[in-house]
Amino acid sequence: MNVQPKPIRIEDCREVPPGAAGVIVRGGAGTAAAPMAAGPDPEILPGDALGRAGASHPGVAAERAATAEQADAGRRAVADHAEAAGEPVLRPGHNVWRIETAARATLLADAANYYAALRQALLQATRTVIIVGWDIDSRTPLVGPDKRATDGLPETLGAFLQELVRQRPDLEIKLLLWDYSVFYSLEREFLPIQVLQRDTPAAIELCLDDVVPIGASHHQKLVVVDDAVAFCGGIDLTVRRWDNPAHSADNPLRVDPAGKPYPPFHDVQLMVDGDAARALGELARARWQTAADEEIRPPAEGVATPWPVGIEPDFRDIAIGIARTQPRHGDLERIAEIETLFLDMIASATRSIYIENQFLTSSTIAGAIAARLAAQPELEVLIVGPRTHQTWLEHMSMLAGRIRFRAIVESGLAEVEGGPAARVRLVYPHVGGEGEPAAVMVHAKVMIIDDRLFRTGSANLCNRSCGTDTECDVVIEARGDAERAGIAALRDRMIAEHCGVAPKVFAAALAEHDGSLLKAVDAVAQPGRGLAPIEDGSLSDGDIGHFLVAAADPERPPEFGEFFLDSSSGTPRPMRTSRIWQGILALALVAVFALAWRYTPLSRFADEAFIASVLPDPSSPWTPLAVIAVFVVAGLFAFPVTLLIGTTAALFGAWPGVGYAAAGALSSAVAGYLIGCVIGLDSIRATFGPRVNRIANGFAKRGIVAVTAVRLVPIAPFSVVNVMAGAMRIRPLDFVIGTLLGLAPGLALMSMLGERMAAMMADPSWTDIVGLLLLIAAWIGVSVALQWGVSRLRRAHDAAGDTAADAVAGRD
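The opening residue of the sequence shown carries number 6 in the numbering used here; numbering runs sequentially from there.
Here you go:
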């Protein structure tokens, strides 16, 4: 007979002893340990000794305090939800964005089944396809379980999409891919925007999405076909994902593009149609507009539903909830429906919680599960995860979070008969093969509560998914017996897959053991395939995982360096993650140009004597026009403008040299600007993707400051800036003012100091350096002030126009 666990208090989670595989649980008469299911024998310390042990590690103490607060928040959420018992769990505006009906919905287990269904749907597409992902790889094998295409089109994603739009000229395909961190660069396809758009029809566009705070990622995984069929889950269209439900340890088809085998891989995707698909299409279009600053119009009504042939739905006429995570960023408000839904679902559990998830680190969610276990003595929790994490960084950072998560969940089960394992299991799937059994990599994000609630999507049970990254989950709440049976069938099918038995076999075992998931899993266990306990061990106070988990799994985007002042609005402006790397690449480009004019055969032309021979005689009446012409022609070949200015000053003196140099540099800039206007944004967009729309609009709003900045701090060659400014539609007046402001310090120094400037560059003194920095700072201040004034005048003009329009409308 089970003993009902004692209520859990916040201090319980603060008292995890260093090096222990247990959790201190304070009772009325003393202290007892709740052992973990795996790991070394625990070293239990009294509370005061624990305090002394942790005192030498202030970072660990702070991390434990934060963990305790998060766990307590989860417990409070469960307690608050108890007041709403009997009410529907899904509530739009609270834990879901929308609830829409799908005429059909089915769960696609593993990437082979998902890719086969997606391929069929894409073959029926007529208007618009939107693919949103954390990763998209042109080499993805878009094929079914036999890994062969029988429709005559290429098997890999990139070639398939190219051939598809060639056959259907009216079809448009939008690919939205996270502009990923450098940490993932070795795992990704190199230069995806160039690869996916090389020799690709214009109907296919890829946009790199960097509209997330620094340290965050775009993590949604959606595909929407004609707004009629949509797919949402945990599977990206990328390599090393393809596998079938058999998860054979020795499957020769499971290899990456280099022919290298990879371990079995498990994930799921939900396919829906009807209004639910249209709602997911609206979400995907909104994300595209955020990243690319352009609207995708929805397809017209009456498009045939491209539901794949031969796939029977698991549900018909079913209500689908859609939940999101969106960090606060710029004009985007924070959305935390994902976390709220997790907590509300857990708070409604009575008999079983089934979880499949890649990352288990959220102390808030762990606290909610612990509280529900305390409140419901018959509740069981079965959690299926990966045996270990794929990369060193994930392993070192997220392992600590999983150990902590498990400790919190089990912290109130010390006095339960059979220990925590009688109520909670953390396991991984394994399959037999030649030699050691192979662990199945669990990448799925699934939660099933009793037989009433089913959810899947992109969100892990980690802090990132609840507040830092963009996420999208879909959820079904049963409204009747048929839907409850459907959810139970999905749960049985998923567990049966891991146990290597037929779903009906597991269902029979479940019925035989009065609905106990854990006893049913034990009953169907067999050699060679099944669910084995995860053995994570324990952490000491000095373990690096304590410190890495805070950086790798923040509850919200990090604050360091997060905001910069937007001078046109006076409001904080978040810095995008990719800007650092864009700056590095831009500086590399500057270096290439500089080296070309110094170390290649072009260097003989980048010489003051040569330039002086080209410039006209100072006494000639045509000298001003001739100097301007030299600047313009040199600018067309990206010749270093600073060298031209310095030589002009040396040849003609401070005056009229400064005038000639200013007129020549400005004329060269305007010529490049006009070339950019002729080239247009579309040409640049074809090279760099649709997000140049957003960059262009941002430059247009802050034209003076933007142009001045790139002149003062030359992150791109002078001629390149001119062409890009014209193509990006920066206002002509802003461009001219910004160019003059940006060039002014250099013009003044190089023209007035003449030969002294060359000496300063060769052997600068601290006085020279400080003076130059002060001059640049002052000029930046002038440009910001001018931008502020121009922006105020424009806003006042726009407001006056709006007022006049309102007055006219009021008279109509």
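For glycine and all other residues, C-beta sits at the position ideal for the given N, C-alpha and C.
Run through DSSP, which three-state label would D349 get?
Position 344 of the sequence shown holds residue 349. Here D349 sits in helix by DSSP.
Measuring only the C-alpha atoms, how far is G335 from R283?
For the purposes of this step, residue 335 is identified with residue 330 of the sequence shown, where counting begins at 1. For the purposes of this step, residue 283 is identified with residue 278 of the sequence shown, where counting begins at 1. Rounded to the nearest angstrom, the two C-alpha atoms are 27 Å apart.
Pop quiz: E344 and G149 are said to be a contact at Cβ under 8 Å. What is the actual Cβ separation, rounded to whole angstroms?
Along the sequence shown, one-based indexing puts residue 344 at 339. Along the sequence shown, one-based indexing puts residue 149 at 144. In fact, because the Cβ distance is near 35 Å, the residues do not count as touching under 8 Å.
Is it buried or exposed, V638, if we count other Cβ atoms within 10 angstroms and call 16 or more buried?
The residue given as residue 638 occupies position 633 in the sequence shown. It counts as exposed.
Would you call the CB atoms of R173 and A154 closer than 9 Å?
Position 168 of the sequence shown holds residue 173. Position 149 of the sequence shown holds residue 154. No, they are not a contact pair.
Which of helix, strand or coil DSSP assigns to A43
Here residue 43 corresponds to residue number 38 of the sequence shown, with the count starting at 1. Any answer about A43 is weak, because its pLDDT of 35 lies below 50 and its placement is not dependable; what the coordinates show is given next. Reduced to three states, the DSSP call for A43 is coil.
Nearest-angstrom Cα separation, counted from L242 out to V445
For the purposes of this step, residue 445 is identified with residue 440 of the sequence shown, where counting begins at 1. For the purposes of this step, residue 242 is identified with residue 237 of the sequence shown, where counting begins at 1. When rounded, the distance between both Cα atoms is 19 Å.
Verify whether the separation of the beta carbon atoms of V230 and L127 is less than 9 Å.
Walking along the sequence shown from the start, residue 230 turns up at place 225. Walking along the sequence shown from the start, residue 127 turns up at place 122. Result yes, Cβ atoms of V230 and L127 sit closer than 9 Å.
Under the three-state DSSP convention, the category T576 falls into
Here residue 576 refers to the residue found at position 571 when the sequence shown is read from its first residue. For T576, the predicted model reports a pLDDT of 38, less than 50, meaning its position is unreliable and no value from the coordinates is stated.
Would you check if the segment 421-430 and the segment 324-331 touch, i.e. whether three or more CB-CB distances between them fall below 8 Å?
no
What residue range does the alpha helix (DSSP H) around K179 cover?
Translated into the one-based positions of the sequence shown, residue 179 becomes position 174. Unbroken run through K179 is the beta strand (DSSP E), 177-183; no alpha helix (DSSP H).
Here's a check: name, in chain order, each residue in its chain whose Cβ is nearer than 7 Å to the Cβ of F165, leaving out the five neighbours to either side.
Along the sequence shown, read from residue 1 onward, the residue named residue 165 stands at position 160. Same-chain partners within the cutoff: L147, L158, P159.
Which one of A291, Q331, A73 has the shortest CA to CA distance from I340?
Taking the first residue of the sequence shown as 1, we reach residue 340 at position 335. Closest by alpha carbon: Q331.
Extent of the continuous beta strand (DSSP E) run through Q331:
Here residue 331 refers to the residue found at position 326 when the sequence shown is read from its first residue. Unbroken beta strand (DSSP E) run through Q331: 320-331.
Which term fits G533, buried or exposed, when burial requires 16 or more other beta carbons within 10 angstroms of its beta carbon?
On the sequence shown, residue 533 is found 528 positions in, with the first residue counted as 1. It counts as exposed.
Take Q491 and list the residues in its own chain whose beta-carbon comes closer than 6 Å to its own, dropping the five residues that flank it on each side.
Walking along the sequence shown from the start, residue 491 turns up at place 486. In the sequence under discussion, the amino acid at residue 491 is Gly, which differs from the Gln named in the question. Contacts found: D319, F320.
How far does the alpha helix (DSSP H) with P884 in it reach, from first residue to last?
As shown, the chain starts at 6 and ends at 817. That puts residue 884 outside it, with no answer to give.
Given A514, which residues of its chain have a CB within under 6 Å of its CB, disregarding the five upstream and five downstream residues?
Working through the sequence shown from its first residue, we reach residue 514 at position 509. Result list for A514: A525, A528, V529, in chain order.
Whose C-beta lies closer than 8 Å to the C-beta of R292 among residues of the same chain, with five residues either side of it excluded?
Taking the sequence shown and counting its residues from 1, the one referred to as residue 292 is at position 287. If we look at R292 and ignore the five residues flanking it on each side, its Cβ neighbours are V137, L181, D214, H223, Q225, T475.
Tell me the DSSP bridge mates of D519?
The residue labelled residue 519 in the question sits at position 514 within the sequence shown. D519 pairs with nothing; no bridge assigned.
V421 classed as buried or exposed, judged by whether at least 16 other C-beta atoms fall within 10 angstroms
The sequence position of residue 421 within the sequence shown is 416, counting from 1. Buried, because 16 or more other Cβ atoms sit within 10 Å of the Cβ of V421.
Using a Cβ distance threshold of 8 Å, determine whether the segment 443-460 contacts the segment 351-361, with at least three qualifying pairs required.
yes
If you draw a straight line from the C-alpha of D77 to the C-alpha of A376, how long is it?
Position 72 of the sequence shown holds residue 77. Position 371 of the sequence shown holds residue 376. Roughly 9 Å separates the two Cα atoms.
I500 to L285 span [Cα, whole Å]
Residue numbering aside, residue 500 sits at position 495 when the sequence shown is read from its first letter. Residue numbering aside, residue 285 sits at position 280 when the sequence shown is read from its first letter. In a straight line, the C-alpha of I500 is about 28 Å away from that of L285.
The beta strand (DSSP E) enclosing S357, as first and last residue numbers:
Here residue 357 refers to the residue found at position 352 when the sequence shown is read from its first residue. From DSSP, the beta strand (DSSP E) with S357 extends over 357-361.
Tell me, to the nearest whole angstrom, how far the beta carbon of G238 is from that of G462; I am working on the premise that it is less than 8 Å.
Position 233 of the sequence shown, counted from the first residue, corresponds to residue 238. Position 457 of the sequence shown, counted from the first residue, corresponds to residue 462. Right, their Cβ atoms sit about 6 Å apart.
Euclidean distance between Cα positions of A233 and C212:
For this step, residue 233 is matched to residue 228 along the sequence shown. For this step, residue 212 is matched to residue 207 along the sequence shown. Cα-Cα distance, rounded: 23 Å.
Return the CA-CA distance between R144 and N256, expressed in angstroms with no decimal places.
Within the sequence shown, the letter at position 139 stands for residue 144. Within the sequence shown, the letter at position 251 stands for residue 256. Rounded to the nearest angstrom, the two C-alpha atoms are 19 Å apart.
A449 classed as buried or exposed, judged by whether at least 16 other C-beta atoms fall within 10 angstroms
Position 444 of the sequence shown, counting from 1, holds the residue named residue 449. Label assigned to A449: buried.
Top-ranked residue by Cα proximity to I735, from F723, Y678, S724
For the purposes of this step, residue 735 is taken as residue 730 along the sequence shown, with counting starting at 1. That would be Y678, whose Cα lies nearest to the Cα of I735.
Note the first and the last residue of the continuous alpha helix (DSSP H) segment covering T155.
On the sequence shown, position 150 is the one that residue 155 refers to. Segment: none, T155 is in no alpha helix (DSSP H) and carries neither H nor E.
8 Å CB neighbourhood of I589 in its chain, flanking five on each side removed:
Within the sequence shown, residue 589 is the residue found at index 584, counting from 1. Bear in mind that a pLDDT of 42 at I589, under 50, signals an unreliable position, so the number given afterwards is only what the model happens to contain. Within the same chain, I589 has no close Cβ partners at all.
To which residues does DSSP link E344 through a beta bridge?
The residue labelled residue 344 in the question sits at position 339 within the sequence shown. In DSSP, E344 forms no bridge with anything.
Quick check: the segment 360-369 against the segment 403-410, are at least 3 beta-carbon pairs closer than 8 Å?
yes
Exposure label - L738; buried when at least 16 CB within 10 Å:
Stepping through the sequence shown from its first residue, residue 738 is reached at position 733. Exposed is the call here.
For A730, collect the residues of the same chain with a Cβ closer than 7 Å to its Cβ; drop the 5 residues on either side in sequence, then sort them by chain order.
The count along the sequence shown starts at 1 and reaches residue 730 at position 725. Closer than 7 Å at the Cβ level, and outside the excluded window around A730, lie Y678, G681, V712, F740.
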